[in-house]
Amino acid sequence: MKPKNKIIIVDDHSLFSQSLELLINSFKDFEVINRFENGKVFISYLQENIDTEVDLILLDVNMPVLDGISTMKWIKENMPELKVIALSVNDDEEVIIKMITSGAKGYLLKDTSPEIFRDAIESVIEKGFYFTELVSGMLVKKANDDSKKINLKEKEIVFIKHACTEKTYKEIASEMCLSPKTIDGYRESLFDKLEIKTRIGLVLYAIKHKIVLV
């Protein structure tokens with residue numbers, strides 16, 4: 002039997018977090034393993050339980066004691082492998098950009114439908130990111146339209162398209178009939194060429210330059 006994906010909720014609104022837990026636990030392949038009321042107690046938990054297995058963090062942006070942005074920055078610096086979706090009632094562009102650039106793999110408003118919410122948590126766990134049309138538009142707008150045109154080789158474009166899917170780098174290598182080492186070379190070369198540091202950055206570049214459509 003396939004193990005369930007483990008999720009932690011960090012939100013100071015008890016009624017909301019309990020309701021969210023009930024919703025998540027109603028999904029077949031997901032379960033909430035813990036809830037915390039602010040970033041400080043959540044970080045303390047991570048520091049004391051470094052071997053905790055968790056597939057996704059749902060992080061409220063506006064919390065007392067330690068808010069979502071500060072918590073996200075700590076995660077990026079200390080446990081960057083953790084996948085995080087930011088949750089908020091705030092659709093302010095500056096806040097959204099701060100959370101994404103601090104390492105969040107997605108940003109959802111709290112009035113999101115259960116169907117979209119489920120799609121989002123599945124996408125972040127499987128593909129590593131999820132952006133609604135609203136957030137994608139903001140990220141593309143933020144990108145510098147005056148950036149110099151970069152000539153990409155055909156194989157690099159093919160690689161970027163694959164990188165925007167749920168495929169692992171090993172699976173991309175197999176799909177392109179190349180060795181994993183060659184794919185690693187493509188990735189690092191593109192990171193340098195495009196001045197980005199993560200796969201998320203590659204996806205944003207692809208969206209901005211219409212290599213992939215959202």
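Quick note: the sequence shown uses our numbering, first residue 2, plus one each step.
In this text, a Cβ means the ideal position worked out from N, Cα and C, and glycines have one as well.
Computed from a predicted model, the values in this text were never measured in an experiment.
Helix, strand or coil: which one does DSSP assign to residue i?
i, result
"ASP30", "coil"
"ILE122", "helix"
"LEU16", "helix"
"GLY107", "strand"
"PHE132", "coil"
"ILE44", "helix"
"LEU21", "helix"
"LYS211", "coil"
"ILE117", "helix"
"LYS3", "coil"
"LEU88", "strand"
"ASP146", "Low per-residue confidence applies at ASP146: pLDDT is 47, beneath 50, and the placement is therefore not dependable enough to give any value."
"VAL66", "coil"
"GLU151", "Reading off the sequence, residue 151 comes out as Ile, not Glu. Three-state DSSP puts ILE151 in coil, outside helix and strand."
"ILE51", "coil"
Apart from the five residues just before and just after residue i, which ones in its own chain have a Cβ nearer than 7 angstroms to its Cβ?
i, result
"LYS7", "GLU32, ILE34, GLU54, VAL55 and ASP56"
"GLU38", "ASP13"
Grab me the residues of residue i's own chain with a C-beta within less than 6 angstroms of its C-beta, minus the 5 sequence neighbours each way, in chain order.
i, result
"TYR170", "ILE184"
"LYS128", "GLU167"
"PHE43", "VAL11 and PHE37"
"SER18", "ILE10, ASP12 and ARG36"
"SER89", "VAL62"
Within the continuous alpha helix (DSSP H) that includes residue i, where are the two ends?
i, result
"THR193", "It should be noted that the sequence gives Asp, not Thr, for residue 193. It spans 181-195 - the alpha helix (DSSP H) in which ASP193 sits, taken as one unbroken run."
"LYS77", "69-79"
"LYS156", "155-164"
"GLU172", "170-176"
Please go through the same chain and pick out, in chain order, the residues whose beta-carbon is closer than 8 angstroms to the beta-carbon of residue i, but skip the five residues on each side of it.
i, result
"GLU189", "none"
"SER15", "GLU38"
"ILE86", "LEU57, ILE58, LEU59, LEU60, ALA105, LYS106, GLY107, TYR108, LEU109, ALA121, ILE122, VAL125 and TYR131"
"ALA207", "ILE161, LYS162, ALA164, CYS165 and VAL213"
"PHE3", "For clarity, residue 3 is Lys in the given sequence; the question names Phe instead. Excluding sequence neighbours, LYS3 sits near ASP30."
"LYS198", "PHE192"
"LEU195", "ILE151, GLY202, LEU203 and TYR206"
"ASP92", "LEU110 and LEU135"
"ILE173", "PHE160, HIS163, ALA164 and ILE184"
"MET177", "LYS156, VAL159, PHE160, HIS163 and ILE184"
Residue range of the beta strand (DSSP E) that residue i falls in?
i, result
"ILE97", "Here ILE97 belongs to no beta strand (DSSP E); instead the alpha helix (DSSP H) covers 94-102."
"ILE58", "57-61"
Considering only heavy atoms of the ligand NAD, does any lie closer than 6 angstroms to the CB of residue i?
i, result
"LYS77", "Because no ligand of any kind appears in the structure shown, any question about the ligand NAD cannot be addressed here."
Kindly confirm or deny that the stretch 39-49 and the stretch 60-78 touch, where touching means at least three C-beta pairs closer than 8 angstroms. Counting C-beta pairs with one atom in each stretch, the stretch 39-49 and the stretch 60-78 have three or more that are closer than 8 angstroms, which means they touch.
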